[in-house]
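One structure is given here, and the rest of the page talks about it.
Numbering (UniProt numbering), first residue to last: 1 to 881.
Laid out in structure tokens, this is it:
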């Protein structure tokens with residue numbers, strides 16, 4: 001038998017198996033009725049109740065509608081209803097918590113707190129989502145605008161690149177066509193073959209010249225009449241820097257009347273630049289320029305050929321240049337002719353089409369007769385120096401201004417000029433041009449009381465000068481310049497405008513006959529106008545002077561269009577061409593570089609500069625001092641050792657001399673040894689003959705340069721602003737001259753107030769020595785006849801060293817002669833000089849100034865003292881020696 005509790009009798013079927021569900025009250029939990037056992041429940045019953053207690057129906061608010069499908073787990077609510085649905089769910093949870101009575105209070109509070117937190121999180125998320133959506137929409141709009149802008153830029157660049165490609169294609173097509181035409185010409189030339197000498201020479205390849213292109217230009221000027229060309233350039237630079245799409249500029253240059261000309265490679269670039277300039281700068285006037293045909297210059301063409309014959313000759317003898325040209329490209333005409341140095345030739349200027357111009361440059365020359373033309377061919381005269389070096393020559397009219405004379409000397413020294421031809425120099429009260437240190441000035445020194453109006457200044461000390469006093473007058477100066485290699489004659493002249501020109505021309509013809517066939521260079525102020533030296537008109541004086549130059553076989557060297565006289569008087573500018581330079585035919589090949597220099601001097605006349613290419617040669621340099629050695633840099637120890645060794649090697653012993661002849665020989669040998677020791681241990685003194693003006697300064701040089709610049713602007717200024725430019729020039733000129741006067745006064749005051757170690761007389765003699773010029777030996781005159789160099793020396797010898805003839809003595813001379821003879825008979829023959837000791841000689845050397853060199857050997861006092869001490873030689877006569 002089994003003891004225990006009787007188990008509960010389970011039903012044989014379950015709802016799961018039968019498929020039927022017992023009726024359940026939707027509003028309350030499931031309750032099982034067990035009438036037999038109301039109080040005790042088994043474990044299985046409790047477990048079964050626990051499992052079925054969770055099968056609760058949803059609230060009435062969540063009942064599914066009939067006829068609609070149930071919502072699955074993947075179904076998603078619309079975004080606007082998410083927040084409301086979440087709130088309803090939270091409220092339903094709270095309601096169910098309130099209905100559940102068997103849950104602890106702590107659990108309910110915890111669940112309710114978690115539900116509230118979830119609701120807050122959902123609401124915050126919804127707000128963030130709304131803000132994020134708005135920001136995304138704004139960012140998407142910005143990105144869209146940027147993409148649209150980028151698309152526009154890309155389209156613009158594509159259009160520009162397309163234009164560039166079209167232009168490149170056009171250029172490539174042109175290159176291809178030119179290559180094909182060149183190949184065709186070469187084939188025709190090979191097939192036809194050279195038949196004449198001119199064609200054979202013309203077919204040779206010419207020199208490779210730089211590539212030239214046709215430029216399309218615009219002219220830019222300012223609407224403001226006071227703006228200068230430089231100000232217009234600054235405004236153009238500003239526009240070019242601000243604009244990133246600025247086109248390429250090939251060439252820029254300034255022209256007259258404040259205009260600036262800009263050149264571009266293509267016509268399209270010119271049009272683009274023209275539009276942009278008009279948009280950016282409203283104050284500028286931009287105009288297009290129509291291209292002209294280029295010019296060709298044929299040098300040294302014979303004058304006897306007419307223009308028609310010349311054009312026919314060019315076409316017939318240069319068929320390769322004109323072959324295959326169309327009618328519109330085959331144009332050529334003579335524009336004008338320019339004078340050449342050779343009176344039988346001229347330079348012909350042709351206006352040709354661009355095609356002819358390009359082909360002519362490729363060949364390099366054109367043929368007229370048997371010689372090519374189109375390039376500069378320099379000819380060399382017979383006897384021309386092979387290795388020639390230029391001697392710079394200046395020519396200037398100083399208008400008797402002291403400042404202009406000083407400026408000329410300073411510029412000549414700075415530029416290392418050899419010779420200067422001067423007209424109207426500053427003469428002062430002495431009526432002669434003063435001399436400067438290191439400069440040899442040649443002018444008329446004859447008696448007559450006239451004022452010097454022409455002079456020649458020689459700056460190169462190596463040039464030997466030959467004077468012609470019999471040919472020199474106050475208005476015309478003639479000197480000869482010679483070296484061991486060549487000789488040339490220089491003439492400086494000034495024709496006064498108030499005097500007739502005939503006597504001056506006769507004087508020049510007389511000089512030409514006396515000089516003969518020597519090389520002559522002539523320069524000066526003729527006060528005459530002629531087209532031969534640049535003037536637009538020809539007056540009677542110019543006609544007479546040009547005829548005289550042709551008669552004397554002198555060729556005019558003037559070239560260019562800068563006037564030689566350029567001045568402002570009463571606010572009006574006056575220009576003229578009156579300064580002339582000419583030379584003989586045998587010198588014309590040696591002269592080059594002739595030009596007008598507007599900044600040479602501050603006078604009304606512009607200076608003239610040119611070169612004479614001759615061999616350099618040493619001349620006769622006359623020194624002003626006998627000093628040879630710079631004893632401040634002497635090596636006295638080496639000098640002493642060297643002199644002692646030389647004396648020992650040559651066995652110099654003055655005490656061995658037995659008579660005066662031997663003593664004199666020893667003294668000469670000793671002096672020679674001292675010279676050898678000096679040459680090896682003491683540097684020689686360098687002679688500096690550079691001109692120095694103590695009042696001149698760098699500031700004055702800058703002011704002078706500014707005066708020259710403003711004077712040059714008058715010639716280039718437009719008519720509307722010329723008055724203002726003239727006033728600026730006059731103001732700067734007055735300021736410069738005022739500063740020069742102040743500087744000269746201050747320099748003199750500084751010298752007078754200076755206190756240094758120099759004595760009263762040393763400073764005075766130093767100034768006199770530097771200020772006094774070395775006078776050239778003038779040829780003498782005897783009985784009204786000008787003597788040459790030999791005759792002048794003979795006259796000096798007769799005057800200063802006459803023969804001692806007793807029959808020619810007067811009473812006084814005879815008395816002196818008798819007294820001397822009587823004294824010699826009474827005293828007898830003995831040495832007049834008393835003996836001296838070595839100490840006396842050393843004392844005398846100590847008193848000498850070491851800078852003085854009284855002898856031709858150049859031995860100063862310090863050299864003599866150290867020579868005696870280092871050699872150990874005893875000097876002196878008598879018992880005390």
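Quick reminder that beta carbons are idealized off the backbone N, C-alpha and C, glycines included.
Checklist entry - Taking Cβ to Cβ, would you say residue 611 is nearer than 9 Å to residue 321? => result Cβ distance not < 9 Å, so residue 611 and residue 321 don't count as in contact.
Next on the checklist: Going by DSSP, what residue range makes up the beta strand (DSSP E) through residue 682?
Outcome noted: In the DSSP assignment, residue 682 falls outside any beta strand (DSSP E), carrying neither H nor E.
Checklist entry - Hey, how far is the Cα of residue 219 from the Cα of residue 225? => result Rounded to whole angstroms, the gap between the alpha carbons of residue 219 and residue 225 is 16 Å.
Checklist entry - With DSSP run on the structure shown, which of helix, strand or coil describes residue 531? => result If DSSP states are grouped into helix, strand and coil, residue 531 belongs with the helices.
Checklist entry - Hey, which unbroken runs of the beta strand (DSSP E) at 3 residues or more fall wholly within the segment 550-593? => result Qualifying beta strand (DSSP E) stretches, in chain order: 554-556, 565-569, 572-576 and 579-584.
Checklist entry - So, is the C-beta of residue 311 closer than 9 Å to a C-beta in chain D? => result Of the chains in the structure shown, none is chain D; there is only one protein chain.
Checklist entry - Does DSSP classify residue 304 as helix, strand or coil? => result Collapsing the DSSP output to three states places residue 304 in coil.
Item to check | Status (buried if at least 16 other CB within 10 Å, exposed otherwise) for residue 656 | outcome: Residue 656 counts as exposed, since fewer than 16 other beta carbons sit within 10 angstroms of its beta carbon.
Checklist entry - Looking only at its own chain, which residues have a Cβ that is under 6 Å from the Cβ of residue 533, when we skip the five neighbours before and after it? => result Around residue 533: 556, 558, 577 and 580.
Item to check | Length at least 4, wholly inside the segment 228-271: the alpha helix (DSSP H) runs in chain order | outcome: Runs of the alpha helix (DSSP H) inside the segment 228-271: 229-242.
Item to check | Paired residues, beta bridge with residue 800 - DSSP | outcome: In the DSSP output, where bridge partners are listed per residue, residue 800 has none listed.
Checklist entry - Going by C-alpha distance, which of 613, 553 and 514 is nearest residue 585? => result Of the listed residues, the one whose Cα sits closest to residue 585 is 553.
Item to check | CA-to-CA distance, residue 779 to residue 789, given in whole angstroms | outcome: Cα to Cα, the separation comes out at about 6 Å.
Checklist entry - Using CA coordinates, which residue listed in 221, 284, 493 and 274 is at the minimum distance from residue 257? => result The candidate whose alpha carbon is nearest that of residue 257 is 221.
Next on the checklist: Spatial neighbours of residue 646 within its chain, please: C-beta separation below 7 Å, excluding the five flanking residues on both sides.
Outcome noted: For residue 646, where only same-chain residues beyond five positions count, the Cβ hits under 7 Å are 673, 676 and 677.
Checklist entry - From which residue to which residue does the beta strand (DSSP E) around residue 810 run? => result Element bounds for residue 810: n/a, residue is neither H nor E.
Checklist entry - What did DSSP end up calling residue 429 once you bin it into helix, strand or coil? => result DSSP places residue 429 in the helix class (H, G or I) of the three-state scheme.
Item to check | Residues near residue 398 by beta carbon distance below 6 Å, same chain, minus five either side | outcome: For residue 398, where only same-chain residues beyond five positions count, the Cβ hits under 6 Å are 404, 405, 424, 425 and 603.
Checklist entry - Cα-Cα, which of 306, 365 and 737 is closest to residue 900? => result The structure shown does not extend to residue 900, since the chain spans only 1 to 881, so no value can be given for it.
Checklist entry - Taking the C-alpha atoms as reference points, what is the distance between residue 701 and residue 354? => result The straight-line gap from Cα to Cα measures roughly 47 Å.
Checklist entry - Apart from the five residues on each side of it in sequence, which residues of its chain come closer than 7 Å, Cβ to Cβ, to residue 571? => result Exclusion of the five residues before and after residue 571 leaves 723 and 726 as the residues of its chain whose Cβ lies within less than 7 Å of its Cβ.
Item to check | Three-state class that DSSP yields for residue 323 in the structure shown | outcome: The DSSP-derived three-state label of residue 323 is coil.
Next on the checklist: Quick check: what's the CA-CA separation for residue 836 versus residue 846?
Outcome noted: About 16 Å.
Item to check | C-alpha distance - residue 639 paired with residue 844, whole-angstrom precision | outcome: The alpha-carbon atoms of residue 639 and residue 844 are separated by roughly 22 Å.
Checklist entry - Can residue 356 and residue 301 be called in contact, C-beta distance under 9 Å? => result Cβ atoms of residue 356 and residue 301: not closer than 9 Å.
Checklist entry - How big is the Cα-Cα spacing for residue 254 and residue 442? => result When rounded, the distance between both Cα atoms is 44 Å.
Checklist entry - To the nearest angstrom, how far is it from the Cα of residue 495 to the Cα of residue 456? => result One C-alpha to the other measures close to 16 Å.
Checklist entry - Just checking, does the segment 298-316 make contact with the segment 258-277 on the three C-beta pairs under 8 Å criterion? => result Taking 8 Å as the limit for Cβ pairs, the verdict is that the segment 258-277 does not touch the segment 298-316.
Item to check | Rounded Cβ spacing between residue 433 and residue 427 (contact assumed at less than 8 Å) | outcome: Taking C-beta atoms under 8 Å as the contact rule, residue 433 and residue 427 qualify, at a distance of about 6 Å.
Checklist entry - Below 8 Å, can you find three or more Cβ-Cβ pairs linking the segment 292-300 to the segment 266-277? => result The segment 292-300 vs the segment 266-277: no contact.
Item to check | First through last residue of the alpha helix (DSSP H) which encompasses residue 471 | outcome: No alpha helix (DSSP H) contains residue 471, which DSSP labels as neither H nor E.
Checklist entry - In terms of residue numbering, what span does the beta strand (DSSP E) encompassing residue 729 cover? => result Note, residue 729: premise wrong, no beta strand (DSSP E); alpha helix (DSSP H) at 722-753.
Checklist entry - In terms of DSSP beta bridges, what is residue 390 paired with? => result Beta-bridge partners of residue 390 (DSSP): 613.
Checklist entry - Touching or not, the segment 457-473 and the segment 414-421, by the rule of three or more beta carbon pairs under 8 Å? => result Touching, per the Cβ criterion.
Next on the checklist: Quick check: the Cα distance between residue 483 and residue 464, rounded to an integer number of angstroms?
Outcome noted: When rounded, the distance between both Cα atoms is 6 Å.
Next on the checklist: Between the segment 102-116 and the segment 138-150, can you find at least three pairs of beta-carbon atoms closer than 8 Å?
Outcome noted: Short answer: they don't touch.
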